[in-house]
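Protein chains in written order, with my numbering: chain H, 466 to 1003; chain S, 2 to 135; chain A, 413 to 744.
Where a beta carbon is used, it is the ideal one built from N, C-alpha and C, also for glycine.
Below is one structure, written out as C-alpha cells, with a few remarks after it.
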C-alpha cells in the first residue's frame, strides 16, 4: 500500500518553500509514494485500443517503454504544436515573471518548486527549445534547453499527473498562459507510450464499454435508482417513477455516474429525482449515455471526444428536444468548450426552453444542453417551487466553486441563487478563494485515487484552509458544491483538514427544502439527520 | 502555410509593420536637410581670431549647461565674471556676450534647435534680438 | 550562475562596439550596416514568428472565464471578464494589453502559524514595476521619433514636454528615464532576491534585462554626462530613414555607438526570445475568445471522425439485462 499519510499538523508544518540548492534541471525527479497513482493496467488500455498496453508500475525502474519512445514523443509534440496554437504560443511567450507560482494549490500545499505552474511548463519547454528552436539546439542549457532523457520523461509523468488542470494560474498570467493546456499535451504524450494511470484508464475503459466511469451496467443503474426511490418514499411518502432510455421524452438528463454510486453524491441524485418529479418534467435517464463526466479528457482529446459522443447520439436516438446536465465540474468544461466542436452540430435538437417557466436558454442555443443550476435557478426565480429553507436550518453552508464551472464557463451566481433560496445560513469563503479565484479540491483530473492521498491532501490544503476559516468564524458545517468529484474528494479532505464539515451537492439542499405536493411531514433530512425542532420526534 | 484567423492576424501585422517601419515610411522620398548654423555676423567677421569663450566642440555639446550655470551664478550669487579654460574673462550675459557676436539668432540658435525639436526657455525671459535680415 | 553569462555577454557587446568605433574606426559598420540588419531581422523575424503561430489553428474555444457568464436575464453578466461578444473581447484585450489586467489580480500567498493558516494578500509591486517599465519604454521610444522626423509634429513635442515638465537640470530631465531604470532594476533585483523567482530564472531572463539596462544607462550618460554631437546623431538617423546613410563629419561620440549597438542587439534578439510576448499576448486563446461556444458552434479545422462505442453495440452487450430490468430496447 501507499506510504503512511502524515498527520495534518505535520503535513502543514512540513511545507518547505525553500527551493533546493541545485538548479531544477540538475535536480532529478524522485517519485515519492503517496504522490503518484498506479500505472494503467493492460486490459484498460486495450479496451480503448491505446498504444503500449501492458501492466506496469511507476515504482519499477523499467517502465516497459517501446524502443523508439523518444521519437514517438517528439513526433507527437511536433504534431500537437501544429494542431494547437495554445501549445505553440505557450511554449514561446512565457517571461517567467512568476505571477503564477504561488497560485497553484499543489505548490501551496507542497512547496515543491516543480509544482509552480511556470516550472511545470518549463519541464516541457526545455525539451521544446532543444528540439524545436535553433537557439536551444545550439546553446543548450544556456538557452534553457535539455535533452529528452528517461529521467525527464519520468519527471513529466510525475508532474503532469500532479496538475489538475484547474486553470487558476491562467487567471493571473499576464498572457493567459494556461498550464491546463500544457498538462493536457503532457498527458497526451505520455499516453502515446502507455503511461496512463489506472485511476483514469479504468474509468475510461468502463465509460467506453458500459457508458459510465463506474462501469454500472444498465440493470445496476436502475436498481441503484430504485434504492433512492425507496429512501425518498420513506422520507416523503411519495413514490417517484423515473424512466430510462424512453423515446419521445422532451428532455434527456445526463449526470456523472458518481451521483448514483456513493454518498454524498447519492443524495444529490435524490434531489434531482424529487425536483423533476415535483415539476412533472417529461424527461428520461439513459443507461447508454449514463456519464456526464469525461475521464477521457484527462487522457487525450480523441478519447474525450469518443466518450462524449454518446450524449448527442443518445439524444438523437431517443428523439428528445434538449438536454439537462447534472452537477459536475470538468463535465461542464467539456460541454461548454468542447462538445459542440467535437460532436456537433446538434441540429436535431431544439433550443432549450423550460416547460415550466417558458424561459428560453439562449446561451446554450447551439449545444442545446442546460446546466441544472441554470434550470433550477430559473424555476426558483419564477416562484414555481414551494420551498421551506428552514429544513436546512441545521446546516451552516458555504459554497465551493468548481474550477471548471468557474474558470471554464462562468457559472457563479446560479448555484448561489439556489443555495440562498433553500438555506437560511450561508457564508462565503474569503474573496480570494472563491469564484474565478477558487481553489481545486486537490483531486481533479482523475487524481482522486487512494494511493496518492498525500498528494490529494496537499493539493486540497488551500481549499480546506479557506473552509476552516469560515468554520471557525461562522460555524460552517456544510460545504456545498456542484461537482461529483468534489463530493467524493472534499469529503476526504474535510475529514483530514477540517473535521466536522460535511459535503453536499446543491440539489441535495434543494431536495431537503422542496415541499412536495402530497408529501408527509418530514422529520429528517435526506441523510436521516433529524430536522431542526424535530429532534425528539422519532 | 495556411494561416488561421488570417484576416485578423494580417491586420495586426500590418499595424505592427506600419509602426515599426514608420520612420522609413514617413520619410519615403524625402531628402534630409542638414542644419547649417551661420557664424557670419559682422561682429564675428571683424574678429581677428574667430573663437568663442570656449572651444567649438565644447560649446556645441555643452552650451546649454554653461548658460544654465551662468544664469545661476548671476542671479543667485551675483557673480558676473566667467574665467575660461584659457584664462580669458567674460561677462556672463546671454544678451551682451553671446548675442553680441551671435546676433543672428534665427540662423545660429534656431537652426539647430528647430532641427532637433528643442525649445530652450532662454527666450521666456530674455528678449530675442532684432534681426537685421532674415 | 545563470545571470553571469548574460552579464558577460552584454559587457562583451559594449567592449566590441567600443573597440570597433574607437580604435578600428568602424563607424559605418556600427552606424549603418548593423542598424539596417537589426531592423530587418526584427521586422521579418517578428512577422514570421506570428505567422508561425497563426499556422496552428485554435481548435477549441478555451477562454479563461473570470466572471459571471451570460445566463438568465436577471443574472448580471460580467461582459468584460467573461465576454460573450466581440466588444467584450476587445475591452478585455485592451485592459490586458494597456494596463495588465491579469497581473493586477496578483496575490501573494503566505503561510502563517506553522501552516495553520494561509492568507492571500494583494501584491501589486510586480504589476506596478511591469507597467512602469513598459509604459516608460514606450514613451521613451516615441520620444526618440524626434530623431527620425525632419519636422517634429507637435504631438511628439507635447509628449516630450510632459515627460520633462519638472524642468530639472539642463538638458531637461526626463522622468521616464528614471522610471525605466528604476523599474528594470527592480525587475532584475527580484530575480536575485526572491528565492522562487531566482529558481525559475534562465539566462534568457537576465539577458534582456541587462541589455535594456545597458541601453538605458548609455542613453542617460549620453544625454547628461558624456555629451555627443547631437545634431550629428540626427543626421545619421535621418540618413538611415531616408535611405541615404552617411556617417556625419566630425564624429558623434562613442557612447552613442554603444547605445545604438545595444538597441540593435535587442532588436535582433527580439523575435527569437520571450520578448515575443509583445505579439503573443494578442493571440492568447484564453483571453482573445468570447465565451459563446454553447451559443455558437466553434469549428475545429482538424476535427476528425473517431471510433465510438455505438448504442447498437452497447445494446448487443446488455440486451438481456436491459430487458430483465424493464429498460426498452431497439431489438427484441
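Close Cβ partners of residue 129 (chain S) (< 6 Å) along its chain, the five nearest in sequence each way excluded: So the list reads 106, once near-sequence residues are dropped.
Inter-residue Cα distance where the pair is residue 421 (chain H) and residue 518 (chain H): Residue 421 (chain H) lies beyond the stretch modelled for chain H, which goes from 466 to 1003, so this question has no answer here.
The region 22 to 34 of chain S touching the region 641 to 655 of chain A, judged by at least three CB pairs closer than 8 Å: yes
Buried versus exposed, by CB contacts within 10 Å (16 or more), residue 603 (chain H): exposed
Span separating the alpha-carbon of residue 1010 (chain H) from that of residue 887 (chain H): Beyond the ends of chain H as shown, which are 466 and 1003, falls residue 1010 (chain H); an answer cannot be given.
Contacts of residue 14 (chain S) in chain A (Cβ-Cβ under 7 Å): 459 and 462
is_contact[residue 493 (chain A), chain H] using C-beta, thresh 9 Å: yes
Identity of the residues DSSP links to residue 448 (chain A) by a beta bridge: Partner(s): none; residue 448 (chain A) has no beta bridge.
Whole-number beta carbon distance between residue 758 (chain H) and residue 678 (chain H), since they are thought to touch under 8 Å: 6 Å
Any C-beta of chain H under 9 Å from that of residue 749 (chain A): A question about residue 749 (chain A) goes unanswered here, because the residues of chain A that appear run from 413 up to 744.
Residue-chain proximity (residue 95 (chain S), chain A), Cβ-Cβ < 9 Å: no
Reduced DSSP category for residue 696 (chain A) - H, G, I as helix; E, B as strand; rest coil: coil
Proximity of residue 742 (chain H) and residue 837 (chain H) at Cβ, strictly below 9 Å: Against a cut-off of 9 Å, the Cβ pair of residue 837 (chain H) and residue 742 (chain H) comes out as no contact.
Whole-angstrom distance between residue 770 (chain H) and residue 756 (chain H), CA atom to CA atom: One C-alpha to the other measures close to 13 Å.
Test: residue 572 (chain A) CB closer than 9 Å to a CB of chain S: yes
Residue-level contact to chain A via CB, residue 135 (chain S), 9 Å cutoff: Unreliable placement is indicated for residue 135 (chain S), whose pLDDT of 43 sits below 50; no coordinate value is reported for it.
Boundaries (first-last residue) of the beta strand (DSSP E) holding residue 946 (chain H): 943 to 946
Beta-carbon gap between residue 752 (chain H) and residue 718 (chain H) smaller than 9 Å: no
is_contact[residue 21 (chain S), chain A] using C-beta, thresh 9 Å: Answer yes: the Cβ-Cβ gap between residue 21 (chain S) and chain A drops below 9 Å somewhere.
Euclidean distance between Cα positions of residue 657 (chain H) and residue 803 (chain H): 22 Å
Any C-beta of chain S under 9 Å from that of residue 704 (chain A): Output row for residue 704 (chain A): interface = no.
Rounded distance between the beta-carbons of residue 635 (chain H) and residue 698 (chain A), thought under 8 Å: 5 Å
Cross-chain neighbours of residue 728 (chain A) in chain H, by beta carbon under 8 Å: Around residue 728 (chain A), no beta-carbon contact reaches into chain H at under 8 Å, the shortest distance being about 12 Å.
Per-residue burial, residue 754 (chain H) [other beta carbons within 10 Å of its own, 16 or more giving buried]: buried
Min CB distance residue 601 (chain A) to chain H below 9 Å: It does not; no Cβ of chain H falls within 9 Å.
Supposed close pair residue 851 (chain H), residue 822 (chain H) - CB separation, criterion 8 Å: With a Cβ gap of about 15 Å, residue 851 (chain H) and residue 822 (chain H) do not count as contacting.
Close beta carbons around residue 904 (chain H), own chain, < 6 Å, minus the five adjacent residues each side: Hits under 6 Å: 570, 898, 927 and 928.
Sequence-distant residues of the same chain with beta carbon closer than 8 Å to residue 611 (chain A), five excluded per side: none
Buried versus exposed call for residue 126 (chain S) [16 or more other C-beta atoms within 10 Å across all chains shown]: exposed
Listed by chain order, chain A residues near residue 918 (chain H) by CB distance under 9 Å: The contacting residues do not exist; residue 918 (chain H) stays about 18 Å from chain A at best.
Contact with chain S by residue 588 (chain A), beta-carbon distance below 9 Å: Not an interface residue.
Contiguous beta strand (DSSP E) assignments of at least 3 residues, all confined to the region 468 to 547 of chain A: Annotation note: the region 468 to 547 of chain A contains the following uninterrupted beta strand (DSSP E) runs of length 3 or greater, listed N- to C-terminal: 519 to 524 and 529 to 534.
Residues of the region 669 to 694 of chain A with Cβ closer than 7 Å to any Cβ of chain H, in chain order: 684, 686, 688, 689, 692 and 693
Residue 921 (chain H) to residue 664 (chain H) span [Cα, whole Å]: Take the alpha-carbon of residue 921 (chain H) and the one of residue 664 (chain H): they are about 14 Å apart.
Proximity test, Cβ basis, 9 Å: residue 466 (chain H) and chain A: Low local confidence applies: a pLDDT of 45 at residue 466 (chain H) is under 50, so the model's placement there is unreliable, and no value is given.
Option in H:860, H:710 and H:674 with minimal Cα separation from residue 508 (chain H): Across the set H:860, H:710 and H:674, the C-alpha of H:674 shows the shortest separation from the C-alpha of residue 508 (chain H).
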